[in-house]
Each structure stands twice: as C-alpha cells, then as structure tokens.
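Participant: All residue numbers for the sequence shown refer to the numbering used here, where the first residue is 408 and numbers rise by one.
All C-beta atoms in this analysis are idealised placements derived from N, C-alpha and C, irrespective of residue type, glycine included.
Values in this document were obtained by computation on a predicted structure and should not be read as measured data.
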Amino acid sequence: MTTAPAPTRSIRPLIAILLVCLAPVVLALLAYYVPSLGLRPESRTHYGELVNPQRPIPADLALRDEQGRPYDLNQLKGQWLLISAGPGACPESCVRGLFVLRNSHASQGKAVERLERVWFIIDDAPAAPVVGEAYAGTHILRADPARLAAWLAPEAEDPVEALARGLWIVDPLGHLMMRFPDAQQPEDVRDDIRTLLKNSRIG
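1) Thinking C-beta only, is A532 closer than 8 Å to A496?
2) Mapping the DSSP letters down to three states, classify S514 as helix, strand or coil.
3) Hey, V458 and L583 are a contact pair by Cβ (cut 8 Å); roughly how many whole angstroms apart?
4) Can you check the stretch 518 to 551 for any alpha helix (DSSP H) of at least 4 residues that lies completely inside it and give the ranges in chain order?
5) Is E391 helix, strand or coil by DSSP?
6) Quick one: what's got a C-beta closer than 6 Å to Y454's C-beta in the same chain, skipping five residues either side?
7) Should I424 go down as buried or exposed, given a rule of 16 or more other Cβ atoms within 10 Å for buried?
8) What is the residue span of the beta strand (DSSP E) that E456 lies within?
9) DSSP three-state label for L421, please.
10) Between D551 and the rest of its own chain, which residues show a CB-CB distance below 7 Å, the 5 nearest in sequence each way excluded?
11) Cβ of L483 within 8 Å of Cβ of E456?
Laid out in structure tokens, this is it:
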C-alpha cells in the first residue's frame, strides 16, 4: 500500500504575517527620511513665533529711564530680555502682559538669574502705581512707539495695539529672536522660555 504524499503547505500566510510586521517599520523610516511624502505628522513645539531674520537692538531707540535719562538697552546684553510694552496707565491688557512676563520669569528656577524683564511705556502718562508695586525688578523705560514698533512689530497695521498686546524675547547677544503676538497663555510662554534657556549656551 502506497502512502499518499503530504500536501504542500503554502508560504503565503507566512509572507502576509511578515509584511504586516514590517509595514510599521517601513512607514516610520519613510516618514523620517522622506518628509516630502507627507507621512510625518505636523507638530508645533513652541507657542511663540521665531523672528527670522533676527533683528539687533537699534541704535536709535532713544530710550529714557524713569528719571528721564537716556538709556542704552545694549547695556543689558549678556542676559535674556523678556519685553512687554504699553501705555503708562497700564489698562487690563497691559496688566495681563506684565503678569505673564513676571510669572514666566519667576518660574525658571535656577535659570531666573539669566533673565531680565523690560517694560516700555509708549506714551507720556506716568507709570501706574501697580507696576512699581507688583512688578518690582522690571526695567521701566520710555520709548517712542513708532521707533519701538519698527523694531518689535514692523508688520503691524496698528503699531500701538501690537505693542500693547505682544511679548518679545531678546537673546544675550542683543538679537530680537521670538515674539508672542498675543501672549495670553502664561504656561506656553513659560515653557518656550524654559526650552530656550535649556538649549542655549549663551547668557
């Protein structure tokens, strides 16, 4: 009696299993090395907008301190500068900006000594008492709004409004390098500053 030959097994199921296992690896490699395929998900790692190209501190800002003396912002080089601006009366939007500025500064832990806060007054009104009381340590300087906006917000249709709502970061070399056009999220501003300080070897 002859024995019937064993049926030949198909390797197709094995190939299918192998392809299923390899597919995620292949897709990951394509997403990483060939971004033009659009397989890499878009992500935003920062809340602020990078200023490109970076703009150095202008020589003609014509700043004055609280005593009316000329002030050169370049003397703060070597520190990261957190900048806000607004009218001397400091309405709600101004108070909000200063609050974000102070909290972003205070939450940097040991790195707090690498930062300086600057508030530009963009009119002739006296500084609101709340600023000196609640935001001690902030450099308070008077600036011509047109000159200041030409540096901080040259693209703005309404320079005064843009100055009152925004927040900016200047690096220790004196370059304007990041802006927050509508700084309403203190946690996001704080995290951006923390990332900058962590990755920077200057200042």
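Facilitator: The relevant details are as follows:
1) yes
2) Note: S514 maps to coil in three-state DSSP.
3) 5 Å
4) 536 to 541
5) Outside the displayed span of the chain (408 to 610) sits residue 391, for which this structure offers no information.
6) D595, D599
7) exposed
8) 456 to 463
9) The DSSP-derived three-state label of L421 is helix.
10) A469
11) Cβ atoms of L483 and E456: not closer than 8 Å.
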